[in-house]
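**Student:** Sharing a structure here in structure tokens format.
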Amino acid sequence: MSRDESLLEFLKQRGITRRGFLKFCAATASLMALPPSMAQGVAAALAQARRPSVIWLSFQECTGCTEALTRSHAPSIEDLIFEAISLDYHHTLQAASGQGAERAREQAMREFHGRYLLLVDGSIPVKDGGVYSTIAGMSNLDMLREAAQGAAAVVSIGTCAAYGGLPHAAPNPTGAAAVADIITDRPVVNIPGCPPIPTVITGVLAHYLTFGRLPELDALGRPKVFYGDTIHDRCYRRPFYDQGKFAHSFDDEGARNGWCLYELGCKGPTTYNACATTKWNAGTSFPIQSGHGCIGCSEPNFWDAGGLYKPLSTPYAGVGPAAAGAIAAGAVTGAAISLHNRRKRTRARAEHQRATVKDLEK
Amino acid sequence: MGLDDIGVHVVHGGGNGNGRALLNEVARLLEKLLQTGEGGSIDLAGMPLSGEDYDLLDDVLGEGEVHAEVTALGATEVIEAGVPGVWWITHYNAAEEVMAEFIEVAFCPEILQSPPEDVKEGLEALRARLLEEHLSG
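Chains as they are written, first to last, in my numbering: chain C, 31 to 392; chain D, 18 to 154.
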């Protein structure tokens with residue numbers, strides 16, 4: 031697709047008919063969580079949309095965000111949206127390497143100054159002048175500041191870019207910071223999640239393509255359309271929470287009946303994301319549907335928010351003075367914890383029902 | 018051995034009420050269709066639906082006389098429900114995965130209608146062909 035081509039022209043060249051385009055727009059409206067009646071409006075806007083330049087910078091990250099996007103079901107709506115942008119720099123995906131790759135980034139920054147979208151995954155180490163992560167001899171901190179100067183907007187993809195994520199977890203040895211901690215003079219949209227839902231990433235890009243602006247954001251910089259409700263609000267197991275029906279272990283009767291996982295540490299009530307409706311793997315399922323509680327991966331500091339398997343109601347003292355106090359209490363505390371653990375194990379054993387292959391085949 | 022061969026007994030704990038809410042919305046859209054000629058569409062991805070909710074929708078809406086398939090950007094399955102004017106629309110991609118799923122309330126779903134621009138282009142192509150035939154004949 032050339033830069034001057036509209037999206038409709040691009041799709042036509044790929045043999046996509048008007049009916050196909052209408053279907054594309056219906057799926058895109060669904061992707062953006064817009065009412066189906068907006069599909070015609072989306073079609074009219076997308077037919078005229080021009081291809082925006084995108085620079086994607088990866089800093090302290092695991093590449094899971096890129097993996098989530100590129101390994102989403104293809105050929106797909108994500109695929110087409112992703113092709114409808116001009117991805118001018120992404121050091122994992124681009125063919126060029128070394129100085130050639132950096133030249134592509136610099137050229138796109140010059141040519142589309144003030145107009146390109148800057149996508150960032152990974153946190154930025156700021157301790158000791160940002161020496162803990164560099165690309166082509168340039169610190170992540172300097173590269174972000176330089177690239178953000180000419181960006182129309184910055185999109186922080188994943189919890190690391192949005193809130194610091196895993197690198198930010200205590201004791202945060204590199205001084206990992208979020209994009210919005212550093213860039214304060216450009217619009218920044220956060221798409222948290224570890225990784226974020228691929229359709230949410232492309233939904234935000236589709237919104238930008240369609241309307242030429244970023245979607246409405248909440249107080250934490252997240253698009254309200256995808257992060258407006260908690261997982262709990264939209265969870266199909268919610269009625270069991272209201273009825274007081276809970277699983278107490280991963281193999282008790284409550285778990286088998288698909289009851290609420292709150293007591294097993296589900297963070298759904300405090301986690302804002304679209305997993306319960308958009309789901310994963312082409313809408314197949316999401317963690318709670320697979321029998322595991324939400325770990326709250328799209329919330330700030332989720333790594334440091336207590337145990338993944340502790341109910342939200344469990345007071346969390348954090349790793350600090352309280353833990354130090356416990357250590358000082360020494361053997362007495364140790365014995366108490368050991369006794370507590372033994373009781374838990376005994377209770378779990380009592381609740382555990384062994385199943386044989388024969389049972390499963392019934 | 019496929020997934021279906023694994024002996025797991027799934028226990029359903031009951032619907033969450035959203036199936037019933039959707040059916041009421043369908044009824045309202047049908048009233049609107051009769052009064053104004055304009056129906057509407059419900060995106061099933063917007064609601065958390067359990068297996069029981071889908072079963073309820075299937076049971077109540079049933080299946081009607083029309084079953085069509087559109088081939089554009091992958092398949093689209095169009096099934097008329099047992100309640101006339103209600104259509105199940107499922108968009109698949111080329112890998113046969115569901116891209117989006119709607120219940121559309123309309124006399125004829127939009128995806129089945131020929132787009133006017135296509136009709137115009139088709140007419141021009143037909144006239145050109147007739148002219149060609151006339152000249153060569």
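Glycine included, C-beta positions come from ideal geometry on N, C-alpha and C.
Taking Cβ positions only, does lysine 42(C) come closer than 8 Å to chain D?
**Tutor:** no
**Student:** Please classify leucine 123(C) as buried or exposed, where buried requires at least 16 other C-beta atoms within 10 Å of its C-beta.
**Tutor:** Its Cβ having fewer than 16 others within 10 Å, leucine 123(C) is exposed.
**Student:** What does tryptophan 310(C) pair with, by DSSP beta-bridge criteria?
**Tutor:** Ser315(C)
**Student:** So for glutamine 137(C), helix, strand or coil by DSSP?
**Tutor:** helix
**Student:** By Cβ distance, which residues of its chain are closer than 7 Å to leucine 393(C), with the 5 residues on each side in sequence left out?
**Tutor:** Here chain C has residues from 31 to 392 only, and residue 393(C) is not among them.
**Student:** Counting only Cβ pairs nearer than 9 Å, list the residues of chain D close to isoleucine 46(C).
**Tutor:** Ala89, Leu90
**Student:** Apply the 10 Å Cβ neighbour rule to threonine 53(D) and answer buried if 16 or more other Cβ atoms are within range, or exposed otherwise.
**Tutor:** exposed
**Student:** Using Cβ-Cβ distances below 7 Å, what residues of the stretch 265-279 of chain C are close to chain D?
**Tutor:** Cys265, Tyr266, Arg268, Pro269, Phe270
**Student:** Restricting to runs no shorter than 3 residues, where is the beta strand (DSSP E) found entirely within the stretch 53-97 of chain C?
**Tutor:** 83-88
**Student:** According to the neighbour-count rule (16 or more other Cβ atoms, all chains shown, within 10 Å of its Cβ), is aspartate 22(D) buried or exposed?
**Tutor:** Around the beta carbon of aspartate 22(D), fewer than 16 other beta carbons lie within 10 angstroms, which makes this residue exposed.
**Student:** Do you know how far the Cα of alanine 142(D) is from the Cα of alanine 192(C)?
**Tutor:** 53 Å
**Student:** If you run the structure through DSSP and keep just helix, strand and coil, what is threonine 100(C)?
**Tutor:** helix
**Student:** Give a yes or no on whether the C-beta atoms belonging to valine 209(C) and valine 161(C) are separated by under 8 Å.
**Tutor:** no
**Student:** Can we say the stretch 223-238 of chain C touches the stretch 47-67 of chain C, given the rule of at least three CB pairs closer than 8 Å?
**Tutor:** The way I'd put it, the stretch 223-238 of chain C does touch the stretch 47-67 of chain C; three or more beta-carbon pairs between them come closer than 8 Å.
**Student:** Touch check for the stretch 249-258 of chain C and the stretch 161-175 of chain C: three-plus C-beta pairs under 8 Å?
**Tutor:** The way I'd put it, the stretch 249-258 of chain C doesn't touch the stretch 161-175 of chain C; fewer than three beta-carbon pairs between them come closer than 8 Å.
**Student:** Quick check on this structure: which residue in Ala98(C), Thr58(C), Ala79(C), Thr47(C) has the alpha carbon closest to the alpha carbon of proline 225(C)?
**Tutor:** Ala98(C)
**Student:** How would you write the range of the beta strand (DSSP E) that tyrosine 71(D) sits in, first residue to last?
**Tutor:** Taken as a continuous stretch (DSSP letters only), tyrosine 71(D) belongs to no beta strand (DSSP E), being part of the alpha helix (DSSP H) at 68-78.
**Student:** Report all residues from its chain with a CB closer than 7 Å to the CB of glycine 284(C); omit the five preceding and five following residues, and keep chain order.
**Tutor:** Lys275, Phe276, Ala277, His278
**Student:** Mind checking whether glycine 57(D) and leucine 46(D) have CB atoms under 8 Å apart?
**Tutor:** yes
**Student:** Express the C-alpha separation of glutamate 246(C) and tyrosine 292(C) in angstroms, rounding to a whole number.
**Tutor:** 30 Å
**Student:** Put aspartate 281(C) into one of helix, strand or coil per three-state DSSP.
**Tutor:** coil
**Student:** With 16 other CB atoms within 10 Å as the buried threshold, where does serine 131(D) fall?
**Tutor:** exposed
**Student:** Identify whether tyrosine 162(C) lies in helix, strand or coil by the three-state DSSP scheme.
**Tutor:** Look at tyrosine 162(C) here: in three-state DSSP terms it is coil, with no helix or strand label.
**Student:** What is the C-beta distance between alanine 178(C) and valine 184(C), in whole angstroms, given that I count them as a contact (C-beta under 8 Å)?
**Tutor:** Rounded, the Cβ-Cβ distance is 6 Å, consistent with contact.
**Student:** Please classify glycine 364(C): does DSSP put it in a helix, a strand, or coil?
**Tutor:** Below a pLDDT of 50, predicted positions are generally treated as unreliable, and glycine 364(C), at 45, falls in that range; no measurement from the model is reported.
**Student:** Any contact between the stretch 44-55 of chain C and the stretch 68-87 of chain C? By contact I mean 3 or more CB pairs, one from each, below 8 Å.
**Tutor:** Yes, the stretch 44-55 of chain C touches the stretch 68-87 of chain C.
**Student:** Does any residue of chain C have a CB that is nearer than 8 Å to the CB of aspartate 72(D)?
**Tutor:** For aspartate 72(D), not one C-beta of chain C is nearer than 8 Å to its own C-beta.
**Student:** Can you name the residues that DSSP bridges to proline 253(C)?
**Tutor:** The partner list for proline 253(C) (beta bridge, DSSP) reads Leu247(C).
**Student:** Given valine 10(D), which residues of its chain have a CB within under 6 Å of its CB, disregarding the five upstream and five downstream residues?
**Tutor:** The structure shown does not extend to residue 10(D), since chain D is modelled only from 18 to 154, so the question has no answer here.
**Student:** Could you check what DSSP says for threonine 240(C) in three-state terms: helix, strand or coil?
**Tutor:** helix
**Student:** Which residues of chain C have a Cβ atom closer than 9 Å to the Cβ of glutamate 134(D), listed in chain order?
**Tutor:** Arg48
**Student:** Comparing alpha-carbon positions, which option in Leu174(C), Arg243(C), Asp281(C), Gly298(C) lies nearest arginine 268(C)?
**Tutor:** Minimum Cα distance to arginine 268(C) is reached at Gly298(C).
**Student:** Tell me which residues of the stretch 142-154 of chain D have at least one Cβ-Cβ distance to chain A shorter than 7 Å, keeping chain order.
**Tutor:** Going by chain labels, chain A is absent from the structure shown, which instead holds the protein chains C and D.
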